Amino acid sequence: MDLQAFRERFKSDSQLYNSNDSEIQDALEEAELVVSVIEFGKLKERAVGLYAAHILKVQKSNPNGTAISNASSMSIAGQSVSYARSSKETFYDQSIYGQRYLALKNSIPIDGKGTNPNSLGVGAFVI
């Protein structure tokens, strides 16, 4: 994906559309390194765009580069609830584009059995 294609694809997001060329180019270059044609096939360009948009959104919302983490526990009236998330999920949850990238990644069958080992499976055992 090039600068012009990126701007056209994300023209409805003024924050991305108005980013300077060097910021977009850096994000696109990083995305090209991360996104694999073997994994995404014909959807590689879409995945590159989503990943680059995610990187830019995270940079814009957190210009100081400090670590961001979602709440994982809460206490109310003496009762506590907590859960754990993988660092991968937390990273992609920081923008709608990251969420869309992860959803795309998890929807593609990539092994001979037609399953994606990247998918987030949940198992439960109830007594």
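Sequential numbering from 1494 applies to the sequence shown in the numbering used here. No residue lacks a Cβ here, since even glycine has one placed at the ideal position from N, Cα and C. In this text, all values refer to a predicted model and were calculated from it rather than measured experimentally.
- Ranked by Cα distance from aspartate 1519, the first of Ala1546, Phe1584, Gly1571 is Ala1546.
- Inclusion of leucine 1543 and tyrosine 1510 in the CB contact set at 8 Å is not warranted, their separation being larger than that value.
- Unbroken alpha helix (DSSP H) runs of no fewer than 4 residues, entirely contained in the stretch 1494-1519, are found at 1496-1502, 1507-1510, following chain order.
- For serine 1568, the pairing in a beta bridge is given by DSSP as Ser1573.
- Annotation for glutamate 1516: Leu1549 place their beta carbon closer than 7 Å to its own, counting only its chain and skipping 5 residues before and after.
- Counting other Cβ atoms within 10 Å of its Cβ, lysine 1504 stays below 16 and is therefore classed as exposed.
- Between leucine 1597 and the set Asn1555, Ala1540, Gln1572, the nearest pair of CA atoms involves Ala1540.
- Residue environment: alanine 1570 is assigned as exposed (fewer than 16 neighbouring CB atoms within 10 Å of its CB, all protein chains considered).
- In this structure, the beta-carbon distance from valine 1528 to serine 1588 does not fall below 8 Å.
- Excluding sequence positions up to five before and after lysine 1553, its CB lies within less than 7 Å of the CB of Gln1508, all in the same chain and listed in chain order.
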